[in-house]
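Here is the structure we will look at, set down as structure tokens.
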Amino acid sequence: DQQVKQNSPSLSVQEGRISILNCDYTNSMFDYFLWYKKYPAEGPTFLISISSIKDKNEDGRFTVFLNKSAKHLSLHIVPSQPGDSAVYFCAASAGTDKLIFGTGTRLQVFP
Amino acid sequence: EAQVTQNPRYLITVTGKKLTVTCSQNMNHEYMSWYRQDPGLGLRQIYYSMNVEVTDKGDVPEGYKVSRKEKRNFPLILESPSPNQTSLYFCASSSLAGGTDTQYFGPGTRLTVL
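Protein chains in written order, with this note's numbering: chain H, -5 to 105; chain F, 19 to 132.
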């Protein structure tokens, strides 16, 4: 049973435009959500997070939105740059319980 | 430099030949874990450790063993590897479990079992 789902395996966006990556979850006990970014031949690296008491968190070009009633979060990248091309994983946890990762979305930003 | 190291980075082996993938972190983290990444399945946790001599099963522990004799090291052991363990493996560490603390990942070990 996949508790964290990323239904789009890939996304292609033109440079300068907005990239929107989506993530859905099923466990209402999740209270912390994170996005990790992964380049080929490297391990995932932390990008941005949000706790369930907020509905938005912004860090430069990256903004994460949380809709608790819909059990949905999204990552917005504005403007998108070629260096953003990577696989993005969303992850969630309930308190200090383990992180549950989604299946990943491969983002390609083309010139 | 704060980092998680894994060795080897690439390994091709045959069914049944015991192997160990090492993992070491230099951040004095309490929590360490192993994941495997497979197409369409994302990252799944194999085993984790909350502290020295404390280990527990993750979501896909079958066929794997771990040990945590020192805080910095968390080796992954495959006693009798099988082809379904062909995967990309990541070790990770953090100060705390869960999502409230950033997990730092190693560069990955790509394992092929023939």
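Cβ coordinates follow ideal geometry from the N, Cα and C atoms, glycine included.
(request) Identify the contact partners of Glu36(H) in chain F, using a Cβ-Cβ distance below 8 angstroms as the criterion. (result) Those within 8 angstroms of Glu36(H) in chain F are Pro125, Gly126.
(message) At the 8 angstroms Cβ level, is Leu129(F) part of the contact set with chain H, yes or no?
(response) By this cut-off, Leu129(F) is not an interface position.
(request) Using alpha carbons as the reference points, say which of Val7(H), Gly96(H), Lys62(H), Leu60(H) lies closest to Val72(H). (result) Of Val7(H), Gly96(H), Lys62(H), Leu60(H), the smallest CA-CA separation from Val72(H) is found for Val7(H).
(message) Can you tell me whether Gly126(F) is helix, strand or coil according to DSSP?
(response) Coil, per DSSP.
(request) Express the C-alpha separation of Thr73(F) and Ser51(F) in angstroms, rounding to a whole number. (result) Ser51(F) and Thr73(F) have their C-alpha atoms some 9 angstroms from each other.
(request) List the endpoints of the continuous beta strand (DSSP E) containing Gln8(H). (result) Where Gln8(H) is concerned, the enclosing beta strand (DSSP E) stretches over 4 to 8.
(request) Please state whether DSSP places Asp78(H) in a helix, a strand or coil. (result) Of the three classes helix, strand and coil, the one that applies to Asp78(H) here is helix, per DSSP.
(message) Quick check: is the beta carbon of Thr118(F) nearer than 8 angstroms to any beta carbon in chain H?
(response) By this cut-off, Thr118(F) is an interface position.
(message) Is there a Cβ of chain F sitting closer than 8 angstroms to that of Lys92(H), yes or no?
(response) Lys92(H) counts as touching chain F.
(request) Kindly identify the DSSP beta-bridge partner or partners of Tyr66(F). (result) Per the DSSP secondary-structure output, Tyr66(F) pairs in a beta bridge with Ser51(F), Asp74(F).
(message) Starting from Leu127(H), trace the beta strand (DSSP E) in both directions and tell me its first and last residue.
(response) Residue 127(H) lies beyond the stretch modelled for chain H, which goes from -5 to 105, so this question has no answer here.
(message) Is Thr120(F) a contact residue of the ligand NAD, with contact defined as CB to any heavy atom under 7 angstroms?
(response) Within the structure as shown, the ligand NAD is missing, as the structure has no ligands at all.
(message) Contact criterion: CB-CB distance below 8 angstroms. Does Tyr26(H) meet it with respect to chain F?
(response) Yes - at least one Cβ of chain F is within 8 angstroms of the one on Tyr26(H).
(request) Indicate the three-state DSSP secondary structure (helix, strand or coil) for Asn16(H) in the structure shown. (result) It is a strand residue.
(request) Output, in sequence order along the chain, the residues in the segment 73 to 86 of chain H whose CB is closer than 8 angstroms to any CB in chain F. (result) Correct list: Phe83, Ala85, Ala86.
(request) Can you tell me which of Ala86(H), Thr20(H), Ser68(H) puts its alpha carbon nearest to the alpha carbon of Phe56(H)? (result) Considering only alpha carbons, the answer is Ser68(H).
(request) Can you give me the start and stop residues for the beta strand (DSSP E) that Asn51(H) sits inside? (result) Start and end: 50 to 53.
(message) Give me the DSSP bridge partner(s) of Gln24(F).
(response) DSSP, once it has assigned bridges, lists Cys41(F) as partnering Gln24(F).
(request) Have a look at Ser100(F), Lys89(F), Val39(F) and flag the residue whose alpha-carbon is nearest the alpha-carbon of Leu29(F). (result) Of the residues Ser100(F), Lys89(F), Val39(F), the one whose Cα lies closest to the Cα of Leu29(F) is Val39(F).
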